[in-house]
Structures are given as structure tokens and as C-alpha cells.
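Engineer: Residue numbers (the numbering used here), protein chains in the order written: chain A, 2 to 114; chain B, -16 to 339.
Think of the CB as a built atom: it goes at the ideal place given N, C-alpha and C, for glycine as much as any other residue.
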Amino acid sequence: MINFGYQRNESATLDLDTTHSELYKKLLDKEPSAATCISCGTCAATCSAGQFTDFNLRKIMLLCKRGDMQSFKPIINRCMVCGKCQLACPKGVNTRNIVLILNKYLHAGKISK
Amino acid sequence: MKKEGKEQIWKDYQKEIPDNDFFYVRSCIRQNLFPASEVIFLKILREELGRNVFETPHHTTCGGIGYHSDIVPMETMMTIIARQFSLMTEAGFENYACSCITSFGLYSEVLETWHHFPKVLEKVRKDLKEATGREFKLPKTLSHASDVIYKVRHEIAEKAKYKLINKHTGKPLKVVEHIGCHYSKMFPNKGVGGAEYPYVLTGMVEAWGGEIIDYPERRHCCGFGFRQYLVQANRGYSLANTHKKFESMEPFEPDMIITNCPGCPFFLDRWQYVIAETEGKTYGGKNQGIPVFTYEEVAGMVLGYDPWDLGLQVHQIAVEPLLDKVGIPYNSETKYLGLDGKNLGKPELPKNICSC
Chain A
2 MINFGYQRNE SATLDLDTTH SELYKKLLDK EPSAATCISC GTCAATCSAG QFTDFNLRKI
62 MLLCKRGDMQ SFKPIINRCM VCGKCQLACP KGVNTRNIVL ILNKYLHAGK ISK
Chain B
-16 MKKEGKEQIW KDYQKEIPDN DFFYVRSCIR QNLFPASEVI FLKILREELG RNVFETPHHT
44 TCGGIGYHSD IVPMETMMTI IARQFSLMTE AGFENYACSC ITSFGLYSEV LETWHHFPKV
104 LEKVRKDLKE ATGREFKLPK TLSHASDVIY KVRHEIAEKA KYKLINKHTG KPLKVVEHIG
164 CHYSKMFPNK GVGGAEYPYV LTGMVEAWGG EIIDYPERRH CCGFGFRQYL VQANRGYSLA
224 NTHKKFESME PFEPDMIITN CPGCPFFLDR WQYVIAETEG KTYGGKNQGI PVFTYEEVAG
284 MVLGYDPWDL GLQVHQIAVE PLLDKVGIPY NSETKYLGLD GKNLGKPELP KNICSC
């Protein structure tokens, strides 16, 4: 078998009636630039932490939109908040603030107003 | 439903397709992926059917791939398109026909934007004039090249040497048609049959003797999706789309697939190879894939053109089993000869799927 550097994703179905989107809505409220993310993956490609751990901001943003907090809770605190992703982001998303907000919510259980 | 009522509803899904005098623009990527398709389109219209088709080397990209990848801003893209229209205006044509579905979607989007926001149109006219000194008129009609072939499908059928019929069984070939998403999903009234009942490829297949398969994921995306494919980390999504379609069509045992988009035939063709080489699964029987064609290639086949002049040798999935079913002759010795007669070299053969 050939390794092409990617694998077929399993088919998944999202039920919008049961998706927990409140965290993503709160994230947009606190950091509106998150809405301009195009999931290009530049953040993940330039990430120093991602070179040594499975931290991947592109994937975290995707899971956050899907309301799947449990999947990224174990990896969110592996970010070093160095800000390289923010320098590289083509859309100017404040990625450091996104990580800080999500980290705070997942540890404190809420986002301060 | 009464036949009269059905016909009345069907009228809402029709579009005006001119019969002659086209300003034709090529696609950026089709010439690389399916090198003969556009040449065959011109040959059929000009030499077989005597139509007037104009094209100019001054035509450039429409900016579509950059636009859908969020690299080219909309204002830039609109000005690029305005320049294409200025080329049409200078050449004295009114019927714009494009080869690419991405371009067709973009032209539709831009014309609709200018219709609803005339001030944007005026700004684009001003920008183009200042940047290049050019002026332009809006096209009277906008057609995709598949619309044009659809319009002349019965004329092609009259001249056809072969039909899409299995010569061994005498039954029509079972054909999967796949419409490019940007053909009619964004602006349903711009495509024949709209988004729900796209008929542009079905009409061709029926006119040329084949039978269309209506399978559950018929309207699902091919998997191109720009960002899903352009970023390697996202390609698993692209592959998952194509896989979903093949799993859905497999029980119907299709003989071939016909498409009208630059990306769709590429992904439906090449992802079969990737699925075979990563998962060992093939969809056209043991170690066989389902051959994928552009509509121009199918038109060329029924008209009796040499399969290697149609560029069928650059397909990933072997076309020979389909040619044998229809009874189209081919010479295996000349498969990999270029137009100048020199040997192009044979590709490395895959392990799990037949490609020759």
C-alpha cells in the first residue's frame, strides 16, 4: 500500500439540532476575527508546539465549530503562545487570543464577560 | 402528473443557448488534465457542424481558483472578468461560452452581482478603463461549453459512427453523469434543468444511446472543493467525498462516468487509483476501475475519432474495456505516441488497479 501523506476521512454526520455551538458563539463574541478563519492550516504548519506534540489549531477550530470540546480539551494547553501562527495567518486572525479563550473556558468552565 | 403540467414546470428549468457565433474561452487546468477535450470541442463545432467559434490567445485565467482559495479578492476577480468581456466586445461577439465550470460559476456570480449592484459595475468599468484603457459590453448570453454540445447533441447523434450501446449484449451502456457543482447549484436558472434536475449531460447520453443511472449520491460533490484539495492535510475530506459517491454507485454497476467540469473527471478518475492503492478497493470489477470521460471525449468517441487523439491515454483508469464494449477500434502500439509520432514513454503501472 502507498502512503500519500493523507488518508480518507471516515464519513461523518453532524446533527445541527444537537450540536453544542455555544462555545464557538462565545468565542466569536470575545474574538470576532475567529469568524474569518478559512481553515487553510497555515497556523498548524508553522506551529512549533505542533512539531513535537499533536497540537493543531486548524483541527481545534474545526472541533470547536462542531461543539466537540472533549476531543480538543487534552491538547489545548500544549500551545506555547509564541504567536508564530498569528504572524503567518493570511486572514489576520488573533490566534493567540483564541487559544487563551478556549483554554480558559475549558479549565474554568466559563468565559468571563 | 399530467403531461401538460410537467411540460409547464419543465419550462422553468430551461435556458437560452445560442446556436452559433460563440466567443470561446478555455480553462486553465483542463488543457493539462484532459489535453484534447477543448480541441475536440472546437473541431466538432467548426469542422463537423460548421459553427462559428472565435477564441483569442489574449484570454487569461478568470481568477477562479485563487478566488475560491481566498487569495484573489472579489474586486480583482471582477476586473479580470471585465477584461475578458472587453476581448469579446473587441472581437464583435455577444455569445460568451466558457470551457470551465468554475469560470461559468464565477461569470454567473459576477453578472448577477452587477445586475443587483449597478454601482459595482460602474466601478469595475472605471477600474478597467484606468488600468488598461479597455471598455466592454455585457454578454447577451452566457453558456457553458456543455450547454453548446447539449444544444447540438442530436446533430452529433446523426453523424455518430458508434452508439453508447454494449455491442455484446445490445443493451444501452449504464452511465453515471456528474454535473459540476458550480454549473447550477449556485444559480439554478443558469443551467439546463436547474440544480434539482440537471439535464445537460443526461440529454447527451440519451441522445447518443446510453442509459443514465439514478443513484442515491448522484448530486453529491466530486470532492474537489478547492480548499479540501489544495491543502494536503485536508485531502482526506476530498477523498471521503469521492469514496461516498463510488460506494453509492457501485451496486448499479456503471459502465462509465461522464462529467462537465475540470475538477470532477480528474478526481473521479485519480481518486479511484488512490483508493485502490491505499485500501485495495476497486469499483469496476476485480482490479478494474470505472472509466471517466469529459463530455467532449464522449462526443469524439461516438463520432469515431481515434481514442488516442482524444487524449484518453492520459486517464488513470483504463478506457480499453469501455472501448471494447462499444466496439471502438484502437491500436495499443500507438497509445503512448505523441502528435509528432515520438514515444512519450509508458507510465509506471499501479499495483491494485488496471491502467492499461
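In three-state DSSP terms, what is B:K269?
Structural biologist: coil
Engineer: Using a Cβ cut-off of 7 Å, pull out every chain A residue sitting near B:E260, in sequence order please.
Structural biologist: The contacting residues are M2, I3.
Engineer: Compute the Euclidean distance between the alpha carbons of A:A109 and A:A45, then round it to the nearest angstrom.
Structural biologist: 25 Å
Engineer: Which chain A residues sit within Cβ distance under 8 Å of B:K228?
Structural biologist: Here the premise fails: no neighbours, minimum Cβ distance about 11 Å.
Engineer: Can you name the residues of chain A whose CB is closer than 7 Å to the CB of B:D53?
Structural biologist: Those are I39, listed as they occur along chain A.
Engineer: If you draw a straight line from the C-alpha of B:A114 to the C-alpha of B:R66, how long is it?
Structural biologist: 10 Å
Engineer: Is there a C-beta anywhere in chain B that falls below 8 Å from the one on A:Q52?
Structural biologist: With 8 Å as the cut-off, A:Q52 does not count as an interface residue toward chain B.
Engineer: So is A:Q87 in contact with chain B if we call contact Cβ pairs under 8 Å?
Structural biologist: no
Engineer: Would a C-beta distance cut-off of 8 Å place B:I241 and B:V188 closer than the cut-off?
Structural biologist: yes
Engineer: When you check each C-beta in the segment 211 to 245 of chain B against every C-beta of chain A, which residues fall closer than 8 Å?
Structural biologist: Within the segment 211 to 245 of chain B, the residues whose Cβ lies closer than 8 Å to some Cβ of chain A are V214, Q215, A216, N217, R218, G219, Y220, L222, A223, H226, K227, listed in chain order.
Engineer: In whole angstroms, what is the alpha-carbon distance linking B:R210 and A:I39?
Structural biologist: Rounded to the nearest angstrom, the two C-alpha atoms are 9 Å apart.
Engineer: Excluding five sequence neighbours on each side, which residues of the same chain lie with their C-beta closer than 7 Å to the C-beta of B:V103?
Structural biologist: T96, W97
Engineer: If you drop the 5 nearest sequence neighbours on each side, which residues of the same chain put their C-beta closer than 7 Å to that of A:A51?
Structural biologist: Note that residue 51 of chain A is Gly in the sequence shown here, rather than Ala. Excluding positions up to five away in sequence, the list reads A45, N57.
Engineer: Taking only beta-carbon atoms, is A:G68 less than 8 Å away from chain B?
Structural biologist: Proximity of A:G68 to chain B, defined by a Cβ-Cβ separation below 8 Å, is not satisfied.
Engineer: What residue does the alpha helix (DSSP H) around A:N132 start on, and which one ends it?
Structural biologist: Since the first residue of chain A shown is 2 and the last is 114, residue 132 of chain A is not available in this structure.
Engineer: Have a look at A:K114 and A:I102 and give me their C-alpha separation to the nearest angstrom.
Structural biologist: Note on A:K114: pLDDT 42, under 50, position unreliable in the model; the coordinate value appears next. Going by the C-alpha atoms only, they are around 11 Å apart.
Engineer: Please state the DSSP three-state secondary structure of A:K114.
Structural biologist: Model confidence at A:K114 stands at a pLDDT of 42, short of 50, so the residue's coordinates are unreliable and nothing is read from them.
Engineer: With a threshold of 8 Å between beta-carbons, can A:A45 be considered close to chain B, or not?
Structural biologist: At least one chain B Cβ lies under 8 Å of A:A45.
Engineer: For chain B, check one thing: does any of its Cβ atoms lie closer than 8 Å to the Cβ of A:K105?
Structural biologist: Interface criterion not met: the Cβ of A:K105 is under 8 Å from no Cβ in chain B.
Engineer: May I ask which residues mark the beginning and end of the alpha helix (DSSP H) holding B:N78?
Structural biologist: Run containing B:N78: none in the alpha helix (DSSP H); it sits in the beta strand (DSSP E), 78 to 81.
Engineer: Along the chain, where does the alpha helix (DSSP H) containing B:T277 start, and where does it finish?
Structural biologist: No alpha helix (DSSP H) holds B:T277; the beta strand (DSSP E) holding it covers 275 to 277.
Engineer: Measuring only from the beta carbon, is B:C244 closer than 7 Å to any heavy atom that is part of the ligand SAH?
Structural biologist: As presented, the structure is devoid of all ligands, the ligand SAH included, so that no description of it is given.
Engineer: Is the Cβ-Cβ distance between B:L125 and B:R117 less than 8 Å?
Structural biologist: no
Engineer: Within 10 angstroms of its Cβ, does B:G268 collect 16 or more other Cβ (buried), or is it exposed?
Structural biologist: By the Cβ neighbour-count rule, B:G268 is exposed, with fewer than 16 other Cβ atoms within 10 Å of its own.
Engineer: Let me see if you follow: with CB-CB separation under 8 Å, is A:S72 close to chain B or not?
Structural biologist: no
Engineer: Is A:S49 helix, strand or coil by DSSP?
Structural biologist: helix
Engineer: Taking only three categories from DSSP, how would you classify B:E113?
Structural biologist: When DSSP states are grouped into helix, strand and coil, B:E113 belongs to the helix group.
Engineer: Report yes or no: is there a C-beta of chain A within less than 8 Å of the C-beta of B:V257?
Structural biologist: yes
Engineer: Pull up the distance between the alpha-carbon of B:P171 and that of B:Y180, whole angstroms please.
Structural biologist: 10 Å
Engineer: For B:Q(-9), count the other beta carbons within 10 Å of its own beta carbon; 16 or more makes it buried, fewer makes it exposed. Which is it?
Structural biologist: B:Q(-9) comes out exposed.
Engineer: Between B:H137 and B:A190, how many whole angstroms is the CB-CB distance? I'm expecting something under 8 Å.
Structural biologist: 6 Å
Engineer: Is it the case that the segment 271 to 288 of chain B contacts the segment 26 to 45 of chain B, given that we only count it when at least three CB pairs across the two stretches are under 8 Å?
Structural biologist: Contact between the segment 26 to 45 of chain B and the segment 271 to 288 of chain B is present: 3 or more CB-CB pairs across the two stretches fall below 8 Å.
Engineer: Going by other Cβ atoms of all chains shown within 10 Å of its Cβ, with 16 needed for buried, is B:E(-13) buried or exposed?
Structural biologist: B:E(-13) should be labelled exposed.
Engineer: Which whole-angstrom value describes the C-beta separation of A:C80 and A:T43, a residue pair presumed to lie in contact below a C-beta threshold of 8 Å?
Structural biologist: No, A:C80 and A:T43 are not in contact; Cβ-Cβ is about 15 Å, not under 8 Å.
Engineer: If distances are taken between C-alpha atoms only, which option among B:G192, B:G186, B:G163 comes closest to B:A178?
Structural biologist: Distance from the Cα of B:A178 is smallest, within the candidate group B:G192, B:G186, B:G163, for B:G163.
Engineer: Identify, in the order they occur along the chain, each residue of the same chain with its Cβ nearer than 7 Å to the Cβ of B:R253, setting aside the five sequence neighbours on each side.
Structural biologist: Q299
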